[in-house]
Amino acid sequence: MALTNPLSASEVGTLWLTYQEKTLILRILEYFFEKADDPRAKNITGGLWESLNSYVLEMEKIFLDQGIVKPVGFTKEDVNLEAPKLYDNGFDIMFVRILKEVSMGMYTMNMNMAYNNQVMRLYEGLTSTTQRIYMLATQYLLEKGILSLPPKSTMPKSTEFIKSKSYMSGLNLFDPKRALNDLELGILHHAVESNNIGLQLITGFAQCSKTKEVKDYFVKGIELSKKQIKTFQEILLESNVQFSTTSGSTVTTSTIPPFSEKLMMHCVFLLNGFCMVGSSFGTFFTLRNDISLKTALIAKDIYFYADEGIKIKIKHGWFEEPPQMEDRVQIINNNH
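Numbering (the working numbering), first residue to last: 4 to 339.
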């Protein structure tokens, strides 16, 4: 019997991508929940797991109803709940907050490519869950003193328009650089904050990885995160911005992997995509050309780093192939 409401190719693709991300997050949440000492942190990770698991089941029903093979995604085989703590002091909620930032961006993209009512409602529900957990995580981290607020600035008392192209100047060594505007300051603060978390995450991954090629890849990621933090902090210091990221979270000395290398590589793959989008946003909306250039160069570094990771994932059979259109040329050529 023909389907009365078949999904479009774009909807199949975004559901596939969402399923990969959600099953990965479920495995991470299971580990964090198992290792959490703080009841409030346990409540956040456990509540998020319950919500996301219901949406994973809903996606599996859509796949079944549409005659689509269910993706493999990430299963119980990809998490070791017996592994000791790899991260401590609030890292679980710090990372949940970053994952929710990634999810918010993905749902916007996915909703833009959705036309089916069931699919649109699914992304609407996921967006609502994500925003609620993001706020809970942010409030928790601020109260614990783990997350720092962006720097304060003088409140504007009048409106102004840019009067000269020198507003964009920053590359000329002989021209004074103007002070950062508030949007630029916010972008730089967020870049340092997210890279600090990424640095800790990938340090833990490097510490427990058992494959030399993968370990070396994670070590490269550590250096790339350090480079970004240094670049953005130097810009802030040049503008006499007092800045600190209060991050009490730490990587323990454990070398026993809580996650499969397939999962760790895919997690870095997702974060690379998030960083690429963030760098693009920073490049466009920072109006000082020296900052735009530096963020563009960092985006280039992230692109080549991500490309190397994809090749490693393919080499080891860790990259599930997305659904794709029929190869008409092959069908025609094979019809002899």
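A virtual CB, placed ideally from N, CA and C, is assigned to each residue, including glycine.
In chain order, what are the residue ranges of uninterrupted alpha helix (DSSP H) at least 4 long that sit wholly in the region 94 to 130?
Runs of the alpha helix (DSSP H) inside the region 94 to 130: 94 to 115.
Please list, in chain order, all residues of the same chain as residue 201 whose beta carbon is under 7 Å from its beta carbon, the five residues on each side excluded.
Locating residue 201 in the sequence shown gives position 198, counting from the first residue. Non-local C-beta neighbours of residue 201 in its own chain, meaning closer than 7 Å and more than five positions away in sequence, comprise 228, 274, ordered along the chain.
Nearest-angstrom Cα separation, counted from residue 26 out to residue 111:
By 1-based counting over the sequence shown, the position of residue 111 is 108. By 1-based counting over the sequence shown, the position of residue 26 is 23. Going from the Cα of residue 111 to the Cα of residue 26 covers about 19 Å.
Leaving out the 5 sequence neighbours to the left and right, which residues in its chain are closer than 8 Å to residue 119 when beta-carbon positions are compared?
Translated into the one-based positions of the sequence shown, residue 119 becomes position 116. For residue 119, same chain residues with a beta-carbon under 8 Å away, outside a window of 5 residues either side, are 8, 10, 11, 14 in chain order.
So, residue 132 versus residue 57, is the Cβ gap smaller than 7 Å?
As a working note, residue 132 is residue 129 in the sequence shown. As a working note, residue 57 is residue 54 in the sequence shown. No; because the gap between Cβ atoms is not below 7 Å, this pair is not in contact.
Rounded to the nearest angstrom, how far is the Cβ of residue 29 from that of residue 59, given a contact under 8 Å?
Reading the sequence shown from its first residue, position 26 is the one you call residue 29. Reading the sequence shown from its first residue, position 56 is the one you call residue 59. That belief holds up - the Cβ atoms of residue 29 and residue 59 are roughly 7 Å apart, short of 8 Å.
Quick one: residues in its chain with C-beta nearer than 6 Å to the C-beta of residue 263, no 5 flanking neighbours on either side, listed in chain order?
Locating residue 263 in the sequence shown gives position 260, counting from the first residue. Cβ neighbours of residue 263 beyond the five flanking positions: 81.
How would you label residue 164, buried or exposed, when you count the other beta carbons within 10 angstroms and need 16 or more for buried?
Taking the first residue of the sequence shown as position 1, residue 164 is located at position 161. Answer is exposed; the Cβ neighbour count stays below 16.
Step through the CB atoms of chain C and report whether any lies within less than 7 Å of the CB of residue 59.
Absent from the structure is chain C; it holds one protein chain and no more.
Which listed residue (66, 108, 128) has its alpha carbon closest to that of residue 284
As a first step, residue 284 is located in the sequence shown; it is residue number 281 there, counting from the start. If we check each option's Cα against that of residue 284, 108 comes out closest.
Cutoff 6 Å; reference residue 192; Cβ partners in own chain excluding five residues on either side
For this step, residue 192 is matched to residue 189 along the sequence shown. For residue 192, same chain residues with a beta-carbon under 6 Å away, outside a window of 5 residues either side, are 153 in chain order.
What three-state label does DSSP hand residue 190 in the structure shown?
Position 187 of the sequence shown, counted from the first residue, corresponds to residue 190. Of the three classes helix, strand and coil, the one that applies to residue 190 here is helix, per DSSP.
First and last residue of the alpha helix (DSSP H) that includes residue 292?
Taking the first residue of the sequence shown as 1, we reach residue 292 at position 289. 292 to 318 is the extent of the alpha helix (DSSP H) around residue 292.
Beta-carbon spacing of residue 209, residue 222 below 7 Å
In the sequence shown, residue 209 corresponds to position 206, counting from 1. In the sequence shown, residue 222 corresponds to position 219, counting from 1. Yes.
Enclosing alpha helix (DSSP H) for residue 18 [first to last residue]:
Locating residue 18 in the sequence shown gives position 15, where the first residue counts as 1. Counting along the chain, the alpha helix (DSSP H) containing residue 18 begins and ends at 12 to 38.
For the alpha helix (DSSP H) containing residue 68, name the first residue and the last one.
As a first step, residue 68 must be located in the sequence shown, where it is residue number 65. DSSP places residue 68 inside the alpha helix (DSSP H), whose first and last residues are 42 to 68.
Would you kindly work out how many angstroms separate the C-alpha atoms of residue 42 and residue 170, rounded to a whole number?
In the sequence shown, the residue the question calls residue 42 occupies position 39. In the sequence shown, the residue the question calls residue 170 occupies position 167. Between residue 42 and residue 170, the alpha-carbon positions lie close to 50 Å from each other.
First and last residue of the uninterrupted alpha helix (DSSP H) at residue 238
Residue 238 sits at position 235 when you count from the first residue of the sequence shown. Counting along the chain, the alpha helix (DSSP H) containing residue 238 begins and ends at 215 to 241.
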